[in-house]
Amino acid sequence: MQEYAPDINQRIWRAVAAIPEGKVTTYGGVAQKAGIARAARRVGLALRGLPPDTSIPWHRVVNAQGRISLPEGSVSHATQRERLESEGIGFGLNGKIDLRQFGW
DNA sequence: TACTTGACAGCAT
DNA sequence: AATGCTGCCAAGT
512 MQEYAPDINQ RIWRAVAAIP EGKVTTYGGV AQKAGIARAA RRVGLALRGL
562 PPDTSIPWHR VVNAQGRISL PEGSVSHATQ RERLESEGIG FGLNGKIDLR
612 QFGW
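Below, the structure written as structure tokens:
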């Protein structure tokens with residue numbers, strides 16, 4: 512039984528909520544944990560549908576390059592970066608996160 | 001109902 | 001290193 516669609520978001524949110532504080536994960540990582548490996552895009556879509564006041568730590572999700580996927584200049588982008596730095600996550604000079612600091 | 005787009009990732013060139 | 005194509009699946013037009 513696949514019963515995807517309605518279930519997918521819930522699985523993604525759960526996977527994201529499982530990310531420990533002060534750590535980040537890639538979309539692919541979340542997708543895999545949500546049981547939809549290789550469907551990283553689905554993760555982005557799900558996060559995009561999250562309400563602004565959600566309790567899901569969506570900001571801990573970045574792309575495989577260790578960068579924030581949101582367009583620079585957008586409010587969400589700034590918010591995400593600020594939250595990450597707030598958790599002790601360091602950004603490189605190009606705005607890249609050192610995924611090495613988490614063992615990636 | 002069909003086609004295109006999208007908070008991505010991986011491989012090929 | 002940079003660019004392009006393909007795969008994933010749902011949502012928007």
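Counting in my numbering, the first sequence runs from 512 upward without gaps.
C-beta: ideal position from N, C-alpha, C; glycine also.
At which residues does the alpha helix (DSSP H) containing S587 begin and terminate? V586 to S597
State the DSSP-derived secondary structure class of I523, mapped to helix, strand or coil. helix
Taking only the alpha-carbon atoms, compute the straight-line gap between E598 and G533 and give it to the nearest angstrom. Straight-line Cα distance between these residues: approximately 5 angstroms.
Would you please state the rounded distance, in angstroms, between the beta carbons of I530 and R571? I believe it to be under 8 angstroms. 4 angstroms
How many whole angstroms separate the CB atoms of A542 and R549, which I take to be in contact at a CB cut-off of 8 angstroms? Between A542 and R549, the beta carbon gap of about 7 angstroms places them in contact (Cβ cut-off 8 angstroms).
N-terminal and C-terminal residue of the alpha helix (DSSP H) that Q543 is part of: Its alpha helix (DSSP H) spans residues Y538 to K544.
Beta-carbon gap between I579 and Q591 smaller than 8 angstroms: yes
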